[in-house]
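Below: the structure, in structure tokens.
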């Protein structure tokens, strides 16, 4: 997809109907982007008021590959981000000139230098009066549960896990999210690795027998625990190994003690990450009883299982912090990113809102 | 180094003095090879009787790179093995025709198919009456402590860790050695990873403060625990990370509780591997009190520290198996490999020994 910079048109823009004519939207717009290690999602939303009980209006949604500059390199990350924004605008029938704010929440953005590089490049694409927000992707996850307000804690547990927290006066803190070598045991990867290890230990006589042995071998179509070593090191990518986490839940539900213990350990790990963040930021107030939102995101925390990991994590946190207000977001993180910008614009430019 | 096969000469062999003339050795020889993931060592030893209290006579020693076929591929592994044997013979001033037995103990040899492939290739190089022994490298480590006798248990703990055991009637068993993803926590890598994780946990508020933070940052010349994530994933090779294990020992010796707990955990893990092997093979007899040799190999088990990991492992095993007879080998594994062949030949061909 050929695109040109500042002032020049993106290749779809000359095909748009003239402003006000045809079916194209003419409101001012926000782009919200959620860039993970697997894919990047961009949504396009008008700057209109809506009640908190209703879903935010979304004009268009586009999906592209990874935009984590650590994984794919900076040039490819930019290409992907530019492409997914162009596609969302094209689907909405809008041009860049309608964009009023862009909130880009991308994994791999951890330092002010990462932020500045992306800001420089965004200002090269959009007009000078557009507002930019460049954040870590956990910010979009938090905002998806708080309707754009940066306050509270978010716990993300998918292939990896991280707890991130923000206060209303702009302080932030994180715990875990250091990757599997550095002990993210609450993650889907962590759960799966503990299960694989338990199978090896049962096999060589170091640990108790477990249902995980037959269940994992069946799932991987292997005939002996010996072969797990080869399977693991043939491709030790985190996401591939994390796909075994649901097997552990099934075994725990069927009463297997080893699987049960693995999940309990993961629960304690995740709760400990959240507690560390809450305590450092004082989200719970001085007496530990203040209310604060805890946004729960990621497939490890999904609620459709009898052994409900998310519920156990909450139970564990509420014991120490009774003011914990758990939230399962109803919108996706890309919408959360857009809501963050929306929230900011609403506060700053109240008169502009239609 | 140009070499030719069967019957043809290796390129140094035509330079050797005629048999019986000059300074070249004329006895029959054994080649002992220890092939690890880092390097391969070959020693050349004459088939002569010697008393167990004296060191076995070694004519020559040669060192080459890795010969683990999983790491470097089969062709390169063969090239390395052939080169290191040729070099040892050349240094000893001997030709292949003097070789009576070859014991090749290489990491990565786990299945009969691995063994057969190497046997086929050895019989292509040497005369048909040469005895071959192809084993996993842990066999050489055991033999280095038992003067070539395949009986007892060996615990290896360097970058990785494994416990291997053999009975006199040919049964064998192993525990651990499944690599870091699958929980070899007793290894140098395991100890280092636990230390790095403790630093991250202390930093984000999940764990207690520890001296490991300043010690590891100083060692790696980093300024903040934040940078450990980048350091770790920039090159997560096991050996590079395992170099941090001695820092943990130093901190434990200085009284740091976190470091102390990491070492105690590693000790329990290693002891549990040995106990699993001993129990499965019944090395301890029916009443659990029989004598059996426990050969201890690898830098994690070195005895020159005040916090003596090896001593603690032994203490832990002896509690359950009072007949444990710990051995710190006085010769290197390549000599152990040669002794294994020597032991076999002595038994089979007693009259041949000079």
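Protein chains in written order, with UniProt numbering: chain A, 1 to 354; chain B, 1 to 354.
Backbone N, C-alpha and C fix where the C-beta goes; we use that ideal spot for every residue, glycine too.
Owing to the predicted nature of the structure, the values given are computational and were not obtained by experimental measurement.
Enumerate in chain order the residues of its own chain whose CB-to-CB distance from residue 196 of chain B is below 8 Å, with the five nearest sequence positions on each side excluded. On the second chain, position 196 is the one that residue 196 of chain B refers to. 216, 228, 232, 241, 244, listed in sequence order.
Is there a Cβ from chain A that is less than 7 Å from the Cβ of residue 282 of chain B? Position 282 of the second chain, counted from the start, is the residue given in the question as residue 282 of chain B. By this cut-off, residue 282 of chain B is not an interface position.
For a test of your reading of the model: does the CB of residue 198 of chain B fall under 6 Å from any non-hydrogen atom of the ligand ATP? Yes or no. Within the structure as shown, the ligand ATP is missing, as the structure has no ligands at all.
Residues near residue 67 of chain A by beta carbon distance below 6 Å, same chain, minus five either side: Numbered from its first residue, the first chain carries residue 67 of chain A at position 67. Only 35, 40, 77, 80, 81, 106 meet the Cβ criterion.
Could you name the residues of chain B that residue 243 of chain A contacts, counting a contact when the two beta carbons are closer than 7 Å? Translated into the one-based positions of the first chain, residue 243 of chain A becomes position 243. Below the 7 Å Cβ cutoff, chain B contributes no neighbours of residue 243 of chain A, its closest Cβ being approximately 15 Å away.
Sub-7 Å separation of residue 99 of chain B and residue 132 of chain B beta-carbons: Counted from its first residue, the second chain places residue 99 of chain B at position 99. Counted from its first residue, the second chain places residue 132 of chain B at position 132. Going by C-beta atoms, residue 99 of chain B is not nearer than 7 Å to residue 132 of chain B.
Whole-angstrom C-beta distance between residue 33 of chain A and residue 44 of chain A, which should lie under 8 Å: Indexing the first chain from 1 puts residue 44 of chain A at position 44. Indexing the first chain from 1 puts residue 33 of chain A at position 33. That belief does not hold up - the Cβ atoms of residue 44 of chain A and residue 33 of chain A are roughly 10 Å apart, past 8 Å.
Sequence-distant residues of the same chain with beta carbon closer than 6 Å to residue 352 of chain A, five excluded per side: Counting from 1 along the first chain, the entry for residue 352 of chain A is found at position 352. Confidence at residue 352 of chain A is low in this model, with a pLDDT of 48, below 50, so its placement is unreliable and the value that follows should be read with caution. Setting aside the 5 residues that flank it on each side, residue 352 of chain A has no residue in the same chain whose C-beta is closer than 6 Å to its C-beta.
At the level of alpha carbons, what is the spacing between residue 313 of chain A and residue 186 of chain A? To locate residue 313 of chain A, count along the first chain from 1; it is residue 313. To locate residue 186 of chain A, count along the first chain from 1; it is residue 186. A straight-line Cα-Cα distance of about 10 Å links residue 313 of chain A and residue 186 of chain A.
Per DSSP, what kind of secondary structure is residue 161 of chain B in: helix, strand or coil? For the purposes of this step, residue 161 of chain B is taken as the residue at position 161 of the second chain. The three-state reading of DSSP puts residue 161 of chain B in strand, counting E and B together.
Given residue 47 of chain A as reference, the closest of A/249, A/54, A/38, A/58 once Cα atoms are compared: Along the first chain, one-based indexing puts residue 47 of chain A at 47. The candidate whose alpha carbon is nearest that of residue 47 of chain A is A/58.
Name the chain B residues that come within less than 7 Å of residue 276 of chain A, Cβ to Cβ? As a position in the first chain, residue 276 of chain A is number 276, starting the count at 1. For residue 276 of chain A, the chain B residues whose C-beta falls within less than 7 Å of its own C-beta are 204, 205, 206, listed in chain order.
Determine, using beta carbons only, whether residue 236 of chain B comes closer than 7 Å to chain A. Working through the second chain from its first residue, we reach residue 236 of chain B at position 236. Contacts with chain A at 7 Å (Cβ-Cβ) include residue 236 of chain B.
Alpha carbon of residue 191 of chain A to alpha carbon of residue 212 of chain B, nearest angstrom: The residue given as residue 191 of chain A occupies position 191 in the first chain. The residue given as residue 212 of chain B occupies position 212 in the second chain. Annotation: residue 191 of chain A to residue 212 of chain B spans about 27 Å, alpha carbon to alpha carbon.
What does DSSP give as the partner residues of residue 152 of chain A in its beta bridges? In the first chain, the residue the question calls residue 152 of chain A occupies position 152. Paired residues: A/166.
Using CA atoms only, rank isn't needed, just tell me which of A/252, A/248, A/250, A/315 is closest to residue 271 of chain A. Translated into the one-based positions of the first chain, residue 271 of chain A becomes position 271. Of all alpha-carbon atoms in A/252, A/248, A/250, A/315, the one lying nearest the alpha-carbon of residue 271 of chain A is that of A/315.
By the criterion of Cβ-Cβ separation under 8 Å, what are the contact partners of residue 193 of chain A in chain B? In the first chain, counting from the first residue as 1, residue 193 of chain A sits at position 193. Chain-order list of chain B residues neighbouring residue 193 of chain A: 181, 182, 183, by C-beta distance under 8 Å.
Would a C-beta distance cut-off of 7 Å place residue 336 of chain A and residue 127 of chain A closer than the cut-off? Taking the first chain and counting its residues from 1, the one referred to as residue 336 of chain A is at position 336. Taking the first chain and counting its residues from 1, the one referred to as residue 127 of chain A is at position 127. Contact flag unset, no.
By the criterion of Cβ-Cβ separation under 7 Å, what are the contact partners of residue 273 of chain B in chain A? Counting from 1 along the second chain, the entry for residue 273 of chain B is found at position 273. Within 7 Å Cβ-Cβ: 206.
Between the alpha carbons of residue 72 of chain A and residue 230 of chain A, how many angstroms are there, rounded? Your numbering for residue 72 of chain A matches position 72 in the first chain. Your numbering for residue 230 of chain A matches position 230 in the first chain. About 27 Å.
Residues in its own chain within less than 6 Å of residue 290 of chain B by CB, not counting five upstream and five downstream? Locating residue 290 of chain B in the second chain gives position 290, counting from the first residue. For residue 290 of chain B, same chain residues with a beta-carbon under 6 Å away, outside a window of 5 residues either side, are 284, 323 in chain order.
Using a Cβ distance threshold of 8 Å, determine whether the region 149 to 159 of chain B contacts the region 291 to 311 of chain B, with at least three qualifying pairs required. Contact holds: three or more Cβ-Cβ distances are below 8 Å.
Between residue 205 of chain A and residue 184 of chain A, what straight-line distance do the alpha-carbon atoms span, to the nearest angstrom? In the first chain, residue 205 of chain A corresponds to position 205, counting from 1. In the first chain, residue 184 of chain A corresponds to position 184, counting from 1. As the crow flies, the alpha-carbon of residue 205 of chain A is around 26 Å from that of residue 184 of chain A.
CB contact below 7 Å: residue 210 of chain B versus chain A: Locating residue 210 of chain B in the second chain gives position 210, where the first residue counts as 1. With 7 Å as the cut-off, residue 210 of chain B does not count as an interface residue toward chain A.
Residue 34 of chain A: first and last residue of the uninterrupted beta strand (DSSP E) it sits in: Position 34 of the first chain, counted from the first residue, corresponds to residue 34 of chain A. Boundaries of the beta strand (DSSP E) around residue 34 of chain A: 29 to 35.
Spatially closest choice to residue 309 of chain B from B/202, B/260, B/177, B/42, by CA coordinates: Here residue 309 of chain B refers to the residue found at position 309 of the second chain. The candidate whose alpha carbon is nearest that of residue 309 of chain B is B/260.
Using a Cβ-Cβ cutoff of 9 Å, what residues of the region 159 to 183 of chain A are near chain B? List them in chain order. Of all residues in the region 159 to 183 of chain A, 163, 173, 174, 175, 176, 177, 178, 179, 180, 181, 182, 183 have a Cβ within less than 9 Å of some Cβ in chain B.
Could you list which residues in chain B have their beta carbon closer than 8 Å to that of residue 220 of chain A, in chain order? Here residue 220 of chain A is taken as the residue at index 220 of the first chain, counted from 1. Result: empty, since nearest Cβ-Cβ is about 14 Å, beyond 8 Å.
What does the alpha-carbon distance come out to for the pair residue 237 of chain A and residue 254 of chain A? Translated into the one-based positions of the first chain, residue 237 of chain A becomes position 237. Translated into the one-based positions of the first chain, residue 254 of chain A becomes position 254. Roughly 28 Å separates the two Cα atoms.
Note down the Cα distance separating residue 262 of chain A from residue 194 of chain A, rounded to an integer number of angstroms. Taking the first residue of the first chain as 1, we reach residue 262 of chain A at position 262. Taking the first residue of the first chain as 1, we reach residue 194 of chain A at position 194. Straight-line measurement puts the Cα of residue 194 of chain A at about 7 Å from the Cα of residue 262 of chain A.
Quick check: is the beta carbon of residue 248 of chain B nearer than 7 Å to any beta carbon in chain A? Along the second chain, read from residue 1 onward, the residue named residue 248 of chain B stands at position 248. No - not a single Cβ of chain A is within 7 Å of the one on residue 248 of chain B.
Own chain residues within Cβ distance below 6 Å of residue 293 of chain A, not counting five before or after: Counting from one through the first chain, the residue named residue 293 of chain A turns up at place 293. When the five nearest sequence neighbours on each side are left out, the beta carbons in the same chain lying within less than 6 Å of the beta carbon of residue 293 of chain A are those of 146, 152, 325, 327, in order along the chain.
Rounded to the nearest angstrom, what separates residue 90 of chain B and residue 329 of chain B at their Cα positions? What you label residue 90 of chain B is simply residue 90 of the second chain in a count that begins at 1. What you label residue 329 of chain B is simply residue 329 of the second chain in a count that begins at 1. C-alpha separation (whole angstroms): 27 Å.
Output, in chain order, the set of chain B residues within a Cβ distance shorter than 7 Å of residue 344 of chain A. Taking the first residue of the first chain as 1, we reach residue 344 of chain A at position 344. The premise fails here: residue 344 of chain A is roughly 27 Å from chain B at the closest Cβ pair, so nothing lies under 7 Å.
Just to confirm, is the Cβ distance from residue 248 of chain A to residue 198 of chain A under 7 Å? The residue labelled residue 248 of chain A in the question sits at position 248 within the first chain. The residue labelled residue 198 of chain A in the question sits at position 198 within the first chain. At least 7 Å separates the beta-carbon of residue 248 of chain A from that of residue 198 of chain A.
Could you say which of B/62, B/64, B/28, B/124 lies nearest to residue 49 of chain B if we only look at CA atoms? Stepping through the second chain from its first residue, residue 49 of chain B is reached at position 49. Looking at B/62, B/64, B/28, B/124, the one whose alpha-carbon comes closest to that of residue 49 of chain B is B/28.
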